[in-house]
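In our numbering, the protein residues as written are 3 to 306.
Built from N, CA and C at the ideal position, the CB exists for glycine as well.
Computed from a predicted structure; not experimentally measured.
A quick write-up on the structure given underneath.
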C-alpha cells in the first residue's frame, strides 16, 4: 500500500488551491471585472462581474487565512503532543479540511444579499459601499449599494483576526516548546527525536512567516479604513503602503512554495556542501540538473 499523505500536506494543498484562485480572481483578473462606469484602468465588467469577483475574492482569501490557522494549529499539536502527522478519523479530517470552507462560504454569502460587493478603488471589487466613500462623514449623498459595508467589513475582519490569533498563539507555543525542550534535552529526549521536533517546529514557523509577509500590509490597510470612517485608498496619503500591498498580497503561494521545498533543499545541501546552491534547488524541485551546474563540470573546466 502506498505511503499515506500527511495531514499537513493535505492542509498545504487546500491552502495552495485557495491562494491560487484568490490570486487569479483578484490580482490577475484585477480591473477586468470592474464595471466600466467606474473609470478604473482597463475596466471591462459590470455589476454582475464585480459581484462575482468580490464574492470569490472574499471566499478564497478568507479560506487562505483559515487554512493557515489550521496549519499552524496542526503543527502545534503534532510537536507539542508528539502525534503522528495524520488525521485519526474522518471526523477530524472534516473538521480540519471541510469546516473552514463552510465558514468562509457563509462569510462570503452575507455581503451578497446586502449588495456590498462593489469596486474598492484598489484594483478589485470587494466589500465596499457604492458610490465609494458614501459612508464617510464628508459625503452628502446616500449609498445606493452596500450601506452595511462597514459592519460587514468589521465582522469579516474580526473573523480573520481570530484566525491570526490562533496562528500567533500556536507559534508562541511552538517557540516555548523548543526552548523548554532544549533545557531538558539530555534527560527527556534523544538526539534524533529532538532534531525531528526542531525541524517540524521551524517548518511551522516558516509557514506562519510566509502568511504574515503576504497579509501584514493588507491588515494595516483594513485597520486604517475601518478606524478612519471608511476612507478610500485615494484619500489616504500613503503610496508606499499601496505599493507594498500590491506586491505582497498575491505572493503567498510563492512564499509557501519556498517553505514547502525548503526541507528538501536543505537535505541536498547537507548531503553535498560543495554543490552549487542552484543545483540543490533543481534537485529539490525534481528537475534535472544541467551539466553546467555540476561540480564535476566546473572542476574539469578549471583543470583545463
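Counting along the chain, where does the alpha helix (DSSP H) carrying residue i start and finish?
i: residue 249; result: 241–250
i: residue 286; result: 279–286
i: residue 18; result: 9–25
i: residue 43; result: Where residue 43 is concerned, there is no enclosing alpha helix (DSSP H), given that its DSSP letter is neither H nor E.
i: residue 261; result: 254–273
Contact defined as beta carbons within less than 8 Å: I believe residue i pairs with residue j. What is the distance between those atoms, to the nearest angstrom?
i: residue 219; j: residue 250; result: 6 Å
i: residue 16; j: residue 69; result: 6 Å
i: residue 157; j: residue 215; result: Contact flag wrong, Cβ pair sits at about 26 Å.
i: residue 224; j: residue 159; result: 5 Å
i: residue 45; j: residue 36; result: 4 Å
To the nearest angstrom, report how far apart residue i and residue j are at their CA atoms.
i: residue 177; j: residue 166; result: 16 Å
i: residue 80; j: residue 96; result: 18 Å
i: residue 276; j: residue 305; result: 17 Å
i: residue 60; j: residue 259; result: 23 Å
i: residue 7; j: residue 88; result: 8 Å
i: residue 42; j: residue 292; result: 46 Å
i: residue 66; j: residue 118; result: 21 Å
i: residue 121; j: residue 271; result: 48 Å
i: residue 355; j: residue 94; result: Past the edges of the chain, shown from 3 to 306, lies residue 355, and the structure says nothing about it.
i: residue 31; j: residue 248; result: 14 Å
i: residue 39; j: residue 143; result: 18 Å
i: residue 62; j: residue 182; result: 37 Å
i: residue 56; j: residue 264; result: 34 Å
i: residue 243; j: residue 124; result: 12 Å
i: residue 188; j: residue 295; result: Unreliable positioning characterises residue 188 in this predicted model, as indicated by a pLDDT of 49, which lies under 50. The coordinate reading is nonetheless provided below. Between residue 188 and residue 295, the C-alpha separation is close to 42 Å.
i: residue 9; j: residue 145; result: 46 Å
i: residue 21; j: residue 273; result: 33 Å
i: residue 149; j: residue 115; result: 12 Å
i: residue 18; j: residue 302; result: 42 Å
i: residue 311; j: residue 210; result: As displayed, the chain neither begins before 3 nor continues past 306, which places residue 311 out of reach and without an answer.
i: residue 170; j: residue 217; result: 14 Å
i: residue 86; j: residue 287; result: 25 Å
i: residue 12; j: residue 77; result: 13 Å
i: residue 27; j: residue 221; result: 19 Å
i: residue 241; j: residue 82; result: 43 Å
i: residue 246; j: residue 252; result: 11 Å
Run through DSSP, which three-state label would residue i get?
i: residue 129; result: strand
i: residue 37; result: strand
i: residue 147; result: strand
i: residue 188; result: Because the pLDDT of residue 188 is 49, which lies under 50, any placement of that residue in the model is unreliable, and the number read from its coordinates should be weighed accordingly. Here residue 188 sits in helix by DSSP.
i: residue 221; result: helix
i: residue 135; result: coil
i: residue 180; result: helix
i: residue 31; result: coil
i: residue 296; result: coil
i: residue 291; result: coil
i: residue 209; result: helix
i: residue 304; result: helix
Between residue i and the ligand ADP, is the CB less than 7 Å from at least one heavy atom?
i: residue 294; result: This structure lacks the ligand ADP; in fact it carries no ligand of any kind.
* **beta strand (DSSP E) segments (min. 3 residues) lying fully within the segment 49–125** => The qualifying runs are 119–121.
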